[in-house]
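Presented below is the structure to which this report refers.
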Amino acid sequence: MKRIITIFLFLKIGLASGQPVNLFTFPEIVNQGPTITSFVPDGWTIADSATGDLNGDNDMDMAFVLRSKDSLITFTHLEQQGEVFVEVNRTESIREVFYLLSLEHHILITSFSRTKQFNNNWTENKN
Numbered sequence: 315m316k317r318i319i320t321i322f323l324f325l326k327i328g329l330a331s332g333q334p335v336n337l338f339t340f341p342e343i344v345n346q347g348p349t350i351t352s353f354v355p356d357g358w359t360i361a362d363s364a365t366g367d368l369n370g371d372n373d374m375d376m377a378f379v380l381r382s383k384d385s386l387i388t389f390t391h392l393e394q395q396g397e398v399f400v401e402v403n404r405t406e407s408i409r410e411v412f413y414l415l416s417l418e419h420h421i422l423i424t425s426f427s428r429t430k431q432f433n434n435n436w437t438e439n440k441n
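Adding 314 to a residue's 1-based position in the sequence shown gives its number in this note's numbering.
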């Protein structure tokens, strides 16, 4: 009986260790900045962007996608790369123009299967 339990435990540990582990860490995005580039963390780049009155509130908006310059090879040999969708609102005060973070969504993309794996990690800032 001990031998069967030992074999079962080794099989269970072997199967558990074969599961892919997400070692990718998404960056902290600042809440406001004087320029759009102030929202881009080190090791990330702007992959795409759109500007204008994006939500119909008569204010200038900008949405952009940040892409990680690094990728991660998981245990299953799939290359994963992180992207962050960011939306900011342009705000003007008497002294300066600055941008406020209004929406942030993290996406982990698996390059091997060409499918997006959404983790539904929406973060909305209420300003």
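All residues carry an ideal CB built from backbone N, CA and C; glycine is no exception.
Residue i versus residue j: straight-line alpha-carbon distance, rounded
i    : j    : result
A377 : K383 : 19 Å
L380 : L415 : 14 Å
N369 : S363 : 15 Å
T359 : T365 : 17 Å
D371 : P355 : 28 Å
Sequence-distant residues of the same chain with beta carbon closer than 8 Å to residue i, five excluded per side
i    : result
G357 : P341, S382, K383 and D384
Y413 : Q346, G347, P348, T349, I350, S352, F353, M376, V402, N403, R404 and T405
V344 : S352, F353 and L415
D367 : D373, M374 and D375
Residues of its chain near residue i, where Cβ-Cβ distance is below 6 Å and the 5 sequence neighbours each way are ignored
i    : result
A361 : V379 and R381
Neighbour flag for residue i against chain C, beta carbons, 8 Å
i    : result
E418 : The displayed structure is made up of one protein chain only, and chain C is not part of it.
Bridge partners - residue i, DSSP secondary structure assignment
i    : result
V344 : Beta-bridge pairing links V344 to no other residue.
F353 : Answer is none; F353 lacks a bridge partner.
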